[in-house]
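Peer 1: Chains as they are written, first to last, in the numbering used here: chain A, -8 to 250; chain B, 6 to 240. For reference, the structure I am asking about is given below.
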Ligand SMILES: Nc1ncnc2c1ncn2[C@@H]1O[C@H](COP(=O)(O)OP(=O)(O)O)[C@@H](O)[C@H]1O
Ligand SMILES: [Mg+2]
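This is the structure in structure tokens:
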């Protein structure tokens, strides 16, 4: 578990450091706007227009390619949406048995098609959001959301929760190492030990959170700390990106009606 | 009005669990002084620095800065004038990259983008860490984190610099650089340390703490040659 966590923490740090791809170098606000537009277009498609939904998958695929993102990460998160969409649509095939088409001797009912549509929409929605986060970083995303009008208090709160999460992960790692360093056997810890370790962990992370709070206070000059990351300016490429994406998404959305 | 002198009058502090960490402490530090804060582990050095930075409020007694008592209303004076470097840099760094972390203070002072960028570069250069600017603080070594933590404070140009065991864990070269850096800092500086050599080199004055009180406040050379005193303070 230690290694997995270390990997996750490394990847989180990596998200937050500037990378070099056309997608990464765009302004966060442009990416937020395009993501929202995409979500509206996708979620407004009827569940049974499978062809349209599949067409819409071109956008996350393009994002993955242009941003040179880790496909595994995107897929893993996207698959997390499965339990939810399946739970919502599980009864569709049973309730809605209206036959729509016949493929290789098997009758496809409307219920099955809407279930597929639901699952696909879930996977695609999560994919674009994950791509947005991966290509922007949580910090910059929050800051840019702030520039788009989200209140500073909300931004500070989300950032602090995120920071706390990372702290907690770091604490788990250190503790895990401390435990391993004094243990002959590697491998899973007995439950009994885990319970105690988690207790220590929570106390430790609360202490750490208090210190970070003080660090914030010492440098924020009182009031709600402003998280502004310097040097992101809106450029022509951002405008072009938004316009181009808007046109493509609109086209993809309405091509479906002609099919 | 100069805000650069610091006055503690009969200050006590107890942590919420009842641990009395600073007891009836009075001291006066004038502008431009460099003071070493010596004392065994648990003597109350860190608590004293947190009090001086306005991050803890005295349970009794009062602290004033340039003659102005520190209260909720005057806290902005403290923030503008006092910079603190924590002992553990992990507690100090919270932004995604080194550059953003160093920029955090200046940004919150409301400076322009150009001025922020200039300060960030200048502060990182002073701790010889400009090449780390785009790294995530999580991925740095302890010594590198330490240097960056110092830069985050320097970037706010404090008039009073508080450092908590700054030379612990530094390699000899980094330690040298720290000493030079503090030597060039011509404002008030209070350094809590176990590094007697550094104290002797940098600080003409030393305050020895023991169980929350000031055992002795004298020229550093005199303090360091008084072995009975050092023994009593557990040093
Ligand atoms: N958060 C805390 N809660 C309770 N007691 C504390 C806390 N931090 C420090 N103390 C206690 O206060 C005393 C002084 O601690 P500190 O100022 O950290 O000493 P020093 O920095 O000289 O080692 C110690 O006895 C310590 O155990
Ligand atoms: Mg200490």
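Beta carbons are placed, not taken as given, at the ideal position from N, Cα and C, and that holds for glycine.
Using a Cβ-Cβ cut-off of 7 Å (strictly less than) and excluding sequence neighbours within five positions of residue 163 (chain A), which residues of its own chain qualify?
Peer 2: For residue 163 (chain A), same chain residues with a beta-carbon under 7 Å away, outside a window of 5 residues either side, are -4, 192 in chain order.
Peer 1: Would you check whether ligand 1 has a heavy atom nearer than 7 Å to the C-beta of residue 51 (chain B)?
Peer 2: yes
Peer 1: Here's the rule I'm using: 16 or more other beta-carbon atoms within 10 Å means buried, otherwise exposed. How should residue 6 (chain B) be labelled?
Peer 2: Model confidence at residue 6 (chain B) stands at a pLDDT of 45, short of 50, so the residue's coordinates are unreliable; what they give is reported in the following sentence. Flag for residue 6 (chain B) reads exposed.
Peer 1: Given this structure, state the Cα-to-Cα distance separating residue 211 (chain B) from residue 167 (chain A), to the nearest angstrom.
Peer 2: 40 Å
Peer 1: Please determine if the segment 194 to 208 of chain A and the segment 34 to 41 of chain A are in contact, where contact requires at least 3 C-beta pairs separated by less than 8 Å.
Peer 2: no
Peer 1: Might you give, ordered along the chain, the residues of its own chain that have their beta carbon closer than 6 Å to the beta carbon of residue 97 (chain B), omitting 5 neighbours on each side?
Peer 2: Around residue 97 (chain B): 91, 154.
Peer 1: For the beta strand (DSSP E) containing residue 88 (chain B), list its first residue and its last residue.
Peer 2: That run of the beta strand (DSSP E) goes 87 to 90.
Peer 1: Below 8 Å on the Cβ atoms is my guess for residue 25 (chain A) versus residue 233 (chain A); work out the distance and round it to an integer in Å.
Peer 2: Right, their Cβ atoms sit about 6 Å apart.
Peer 1: Between which residues of its own chain and residue 208 (chain B) is the CB-CB distance below 7 Å, once the five residues before and five after are set aside?
Peer 2: 39, 40, 41, 196, 225
Peer 1: Using the beta-carbon count (16 or more within 10 Å), is residue 237 (chain B) buried or exposed?
Peer 2: Answer is exposed; the Cβ neighbour count stays below 16.
Peer 1: Can you find a CB in chain A that lies within less than 8 Å of the CB of residue 162 (chain B)?
Peer 2: no
Peer 1: Use the C-beta contact count for residue 151 (chain B): other C-beta atoms within 10 angstroms, 16 or more gives buried, fewer gives exposed.
Peer 2: buried
Peer 1: Since residue 47 (chain A) contacts residue 242 (chain A) with CB under 8 Å, what's their CB separation in whole angstroms?
Peer 2: Going by Cβ atoms, the distance from residue 47 (chain A) to residue 242 (chain A) rounds to 11 Å, so no, they are not a contact pair.
Peer 1: At a cut-off of 7 Å, would you count residue 200 (chain A) as near ligand 1, judging by its Cβ distance to the nearest heavy atom?
Peer 2: no
Peer 1: Quick one: what does DSSP say residue 39 (chain A) is sitting in, helix, strand or coil?
Peer 2: coil
Peer 1: Quick one: which residues of the segment 94 to 118 of chain A get their C-beta closer than 8 Å to a C-beta of chain B? List them in chain order.
Peer 2: none
Peer 1: When you compare the CB of residue 129 (chain B) with every CB in chain A, is at least one pair closer than 8 Å?
Peer 2: no
Peer 1: Pick helix, strand or coil for residue 6 (chain B), following the three-state DSSP scheme.
Peer 2: Annotation note: pLDDT 45 at residue 6 (chain B) (below 50); position unreliable, no value reported.
Peer 1: Suppose contacts are defined by Cβ-Cβ distances below 8 Å. Is residue 60 (chain B) in contact with residue 209 (chain A) by that definition?
Peer 2: yes
Peer 1: Provide the residue span of the alpha helix (DSSP H) that contains residue 18 (chain B), from first to last.
Peer 2: Per DSSP, residue 18 (chain B) belongs to no alpha helix (DSSP H); it is in the beta strand (DSSP E), 11 to 19.
Peer 1: Report the three-state DSSP secondary structure of residue 93 (chain A) (helix, strand or coil).
Peer 2: Correct three-state label for residue 93 (chain A): strand.
Peer 1: Should the segment 121 to 140 of chain A be regarded as contacting the segment 6 to 15 of chain A, the criterion being three or more beta carbon pairs within less than 8 Å?
Peer 2: By the Cβ test, the segment 121 to 140 of chain A is in contact with the segment 6 to 15 of chain A, since at least three Cβ pairs between them sit closer than 8 Å.
Peer 1: Interface residues of chain A around residue 96 (chain B) at Cβ under 8 Å?
Peer 2: 199, 202, 203, 205, 206
Peer 1: Does the beta carbon of residue 212 (chain A) come closer than 8 Å to any beta carbon on chain B?
Peer 2: yes
Peer 1: Take residue 138 (chain A) as the anchor and find which of A:218, A:1, A:35, A:29 has the nearest alpha-carbon.
Peer 2: A:218
Peer 1: What does the alpha-carbon distance come out to for the pair residue 215 (chain A) and residue 193 (chain B)?
Peer 2: 28 Å
Peer 1: Is there contact between the segment 120 to 128 of chain B and the segment 224 to 231 of chain A, where contact requires at least three CB pairs shorter than 8 Å?
Peer 2: Three or more Cβ pairs closer than 8 Å define a contact, and the segment 120 to 128 of chain B falls short of that threshold against the segment 224 to 231 of chain A.
Peer 1: Looking at the secondary structure, which residues open and close the beta strand (DSSP E) in which residue 203 (chain B) lies?
Peer 2: That residue, residue 203 (chain B), is in no beta strand (DSSP E); its alpha helix (DSSP H) goes 201 to 207.
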